[in-house]
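Sequential numbering from 5 applies to the sequence shown in my numbering. Here a beta-carbon is modelled for each residue, glycine too, at the ideal position from N, C-alpha and C. Reading through the structure tokens given below for one structure.
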Amino acid sequence: MSRINTNVQSLIAQRVLGQNNAGLNNTLERLSTGLRINRGKDDPAGLIASENLRAEKAAISAAIGNAERADQVVNIAEGGLQEVSGLLEDLQSLVTTTANTTGLSEEEKEANQLQIDSILQTIDRVSQSTSFQGTRLLNGTLDFETTNVSANVDAFKVNGAKLEFEGTRDVNVVVTDSAQVGGFLLSFGGANINLGGAGADDGADSEFVLEITGNKGSRELTFASGTAVSDIITAINSFSDVTGVEASASGASGVRLESEELGANEFVSVRIVDDGAINGANGIYELSADNTNVADTGSVTAFNVTAAANGLTDEGQDVQATINGIQATTKGTTARINTDFLDVEVDLITGAGGGNASAQELGSLTALRITGGGGEFQLAGRVDIAGKVSLGIGDIGSRTIGRTEDGTSTRFLADLANGASLNVVDGDLGEAQKVISNAISEVSSLRGRIGAFQQNTIGATIRSLNVGLENTAAAESVIRDADFALETAQLTRNQILSASAQNVLQQANLQPQNALQLLG
5 MSRINTNVQS
15 LIAQRVLGQN
25 NAGLNNTLER
35 LSTGLRINRG
45 KDDPAGLIAS
55 ENLRAEKAAI
65 SAAIGNAERA
75 DQVVNIAEGG
85 LQEVSGLLED
95 LQSLVTTTAN
105 TTGLSEEEKE
115 ANQLQIDSIL
125 QTIDRVSQST
135 SFQGTRLLNG
145 TLDFETTNVS
155 ANVDAFKVNG
165 AKLEFEGTRD
175 VNVVVTDSAQ
185 VGGFLLSFGG
195 ANINLGGAGA
205 DDGADSEFVL
215 EITGNKGSRE
225 LTFASGTAVS
235 DIITAINSFS
245 DVTGVEASAS
255 GASGVRLESE
265 ELGANEFVSV
275 RIVDDGAING
285 ANGIYELSAD
295 NTNVADTGSV
305 TAFNVTAAAN
315 GLTDEGQDVQ
325 ATINGIQATT
335 KGTTARINTD
345 FLDVEVDLIT
355 GAGGGNASAQ
365 ELGSLTALRI
375 TGGGGEFQLA
385 GRVDIAGKVS
395 LGIGDIGSRT
405 IGRTEDGTST
415 RFLADLANGA
425 SLNVVDGDLG
435 EAQKVISNAI
445 SEVSSLRGRI
455 GAFQQNTIGA
465 TIRSLNVGLE
475 NTAAAESVIR
485 DADFALETAQ
495 LTRNQILSAS
505 AQNVLQQANL
515 QPQNALQLLG
């Protein structure tokens, strides 16, 4: 067929050439950008997936930056705490040195007090000046805000708490078993001990010898016939700092022995070395398991039996409790939980009026309500409560650390200052050392908690996020990036096809000219 108005072969060649050129341009674009998907039409579903992965990469990268920033914040706080730790050790040394009263002049004591005052001022200055971009880290700014603290709570510490935006969190405690002291009741049968047996006149040659042991140590005490029960109590209490056991009167003829503190680490042991043929005494009673304020009259051990000679021991008991439905770790009267959402420590008052000897249970109570505060760090790509971590850092000023209770008095590190009750010139040095020891323990615990936060929370998070970033980038690359080996092969194919189509188009355009041969 020889038609010249419509060159079908040329149209076909033009169409194929256009397709080949489009394929060639697409291949050249992929090779020049390195991307398989440059616009939605390249792969609609792939574009959606890759854009989502790109957003995740951006969020993960920001979270890594947040974690690294958090590490720097905590590093600065740790630096301040390290300096405070050194100052507290200097305080410990000064108090111990000043306790050598016979070997020091009054001027030396006053000079040591000047050093102590300077150290206390420096601790306060460090607590106020340690900051990150204007945010103070050690003055209580990063502590949690609380309200509705129960009267049954002696002290508390919120180490971490995740709160919804402008939210609160109640700390609910259920006490299932109370804390108890270790102890015994010694019943001597009268206001004075009577030795030598029923037949003796006064037992002048007899001695009543007992050994008392607590968690601090032991002491053997000897009493003569006729010694008043009140004098026995005084003698035992004079060694309480050595034994960790305190004595008090129980009626006119009884001596109550109990450990200084409550908890499973506390105990009282009584061993009768020589009963002195004591007359009229009932012996050694255990304390009631239901209420340690009273003796268990059903369990008594006579002073002259083998069991008393070998020694009797009664251990204290830790409080048993749950906090917000989670079984708490306990020590003495303190209960603590540490979860992803709440890290809180509550020191409970046990029994009616907070008597140390009472075994009464408190039952259920709302210990406190957390309303805000704390240091909050966003350590995940997704912004929600699960992606955040919190850290509470309390005030480490001298007026807040070293808390020690002595009867009705509560003392802090600031009480070592000149003119205060624990100054080294004329104050109570033994109590001062207890305060310093508690302050050292508090700061060391805070440093350990911050170190664990850096090592296990921040460090592990950074490592995990970096792995997640790598895997997300790899997934996005598989979907969106161009395969150069494939695309260069496609380029060669498209170049050949394009050149071939141009040749064919040229031949198709020459085809109508054959009609001229029919015209002669």
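Cα atoms of N498 and A26: separation of roughly 9 Å, rounded to the nearest angstrom. Closest in alpha carbon position to N460, among L32, A74 and R34, is A74. Where R275 is concerned, the enclosing beta strand (DSSP E) starts and stops at F271 to D278.
In the DSSP assignment, K45 falls outside any beta strand (DSSP E), carrying neither H nor E. At the C-beta level, V323 and T333 stay beyond 7 Å of one another. Checking the DSSP bridge columns, you'll see K335 partnered with T338. Rounded to the nearest angstrom, the Cβ distance from Q321 to A183 is 6 Å, consistent with a contact under 8 Å. Within the stretch 34-107, the complete alpha helix (DSSP H) segments of 4 residues or longer fall at 48-102, listed in chain order.
For the 7 Å CB-CB criterion, L214 and V259 do not form a contact. Counting every other CB atom within 10 Å of its CB across the protein chains shown gives F488 a total below 16, marking it as exposed. Sequence-distant Cβ neighbours of G38 in its own chain, meaning closer than 7 Å and more than five residues away, are D485 and A486. Within a 10 Å sphere around the beta-carbon of V88 sit 16 or more other beta-carbons, which makes this residue buried. When the Cα atoms are used, D181 and I327 turn out to be separated by approximately 13 Å. A direct Cα-to-Cα measurement between V277 and A436 gives close to 36 Å. A check of alpha carbon separations from F188 across E264, N56 and P516 identifies E264 as the nearest.
Counting along the chain, the unbroken alpha helix (DSSP H) around E435 starts and ends at L433 to A456.
Residues of the same chain with a CB within less than 8 Å of the CB of D94, apart from the 5 flanking positions on each side, are Q119 and I123 in chain order. Contact check for G267 against T247 fails: the beta carbons are separated by 7 Å or more. Apart from the 5 residues on each side of it in sequence, A418 sits with its Cβ closer than 6 Å to the Cβ of S402 and R403 in its chain, given in chain order. Linking R19 to P516 through their CA atoms gives a straight-line distance of about 19 Å. S413 is bridged by DSSP to D410. In this structure, DSSP gives A371 an extended state, which the three-state scheme calls strand.
Under the three-state reduction of DSSP output, S210 falls in the coil class, being neither helix nor strand. S131 counts as buried, since at least 16 other C-beta atoms from the protein chains shown sit within 10 angstroms of its C-beta.
The distance from the Cβ of I236 to that of F227 is about 6 Å, consistent with a contact at the 8 Å cut-off.
Under the three-pair Cβ rule at 8 Å, the stretch 365-379 does not count as touching the stretch 445-456. Here the stretch 468-485 lies against the stretch 40-55, with 3 or more beta-carbon pairs under 8 Å apart.
Cβ-Cβ separation between V153 and D351: approximately 11 Å, too far for a contact (criterion under 8 Å).
The Cβ-Cβ distance between I68 and G472 does not fall below 7 Å. For K113, the CB contacts under 7 Å within the same chain, skipping 5 residues up- and downstream, are T102, V428 and V429 in chain order. E250 counts as buried, since at least 16 other C-beta atoms from the protein chains shown sit within 10 angstroms of its C-beta. If you draw a straight line from the Cα of L514 to the Cα of I500, it is about 22 Å long. A residue is called buried once 16 or more other Cβ atoms fall within 10 Å of its Cβ, and Q137, having fewer, is exposed. Contact between the stretch 308-322 and the stretch 164-177 is absent, with fewer than three C-beta pairs closer than 8 Å. A residue is called buried when at least 16 other Cβ atoms come within 10 angstroms of its Cβ; G280 meets this threshold and is buried.
In the three-state reduction of the DSSP assignment, D419 falls in the helix class.
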